[in-house]
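In this note's numbering, the protein residues as written are 281 to 353.
Data first, discussion second: the structure below is written as structure tokens.
Here you go:
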């Protein structure tokens, strides 16, 4: 996928809402802050490799889906 800063990461939002989690709950699962999750979802910043891997673990996604800077929108 092409990284497009400023474009919302709709897949990350969808995956979080599918689990009925708040941004804070997802942040707690990942060991980060609600602010970071919000920035990732809004496309302001992208999760680094460590958090992309954690996202795949927490959201039960195959590792191949974590190779992109966003969680595959």
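Ideal Cβ placement from N, Cα and C applies to all residues, glycine included.
Would residue i and residue j be called neighbours here (beta carbons separated by less than 8 Å)?
i: residue 321; j: residue 338; result: no
i: residue 289; j: residue 311; result: no
I think residue i touches residue j, with their Cβ atoms under 8 Å apart; what is that distance to the nearest whole Å?
i: residue 306; j: residue 296; result: 5 Å
Excluding the 5 residues preceding and the 5 following residue i in the sequence, name in chain order all residues of the same chain whose CB lies nearer than 7 Å to its CB.
i: residue 317; result: 303, 306 and 307
At the level of alpha carbons, what is the spacing between residue i and residue j?
i: residue 313; j: residue 327; result: 12 Å
i: residue 334; j: residue 286; result: 22 Å
i: residue 336; j: residue 301; result: 16 Å
Would you give the residue range spanned by the alpha helix (DSSP H) that residue i belongs to?
i: residue 309; result: 303 to 310
i: residue 316; result: 314 to 322
i: residue 325; result: Neither: residue 325 is in no alpha helix (DSSP H) and is coded neither H nor E.
i: residue 298; result: 290 to 298
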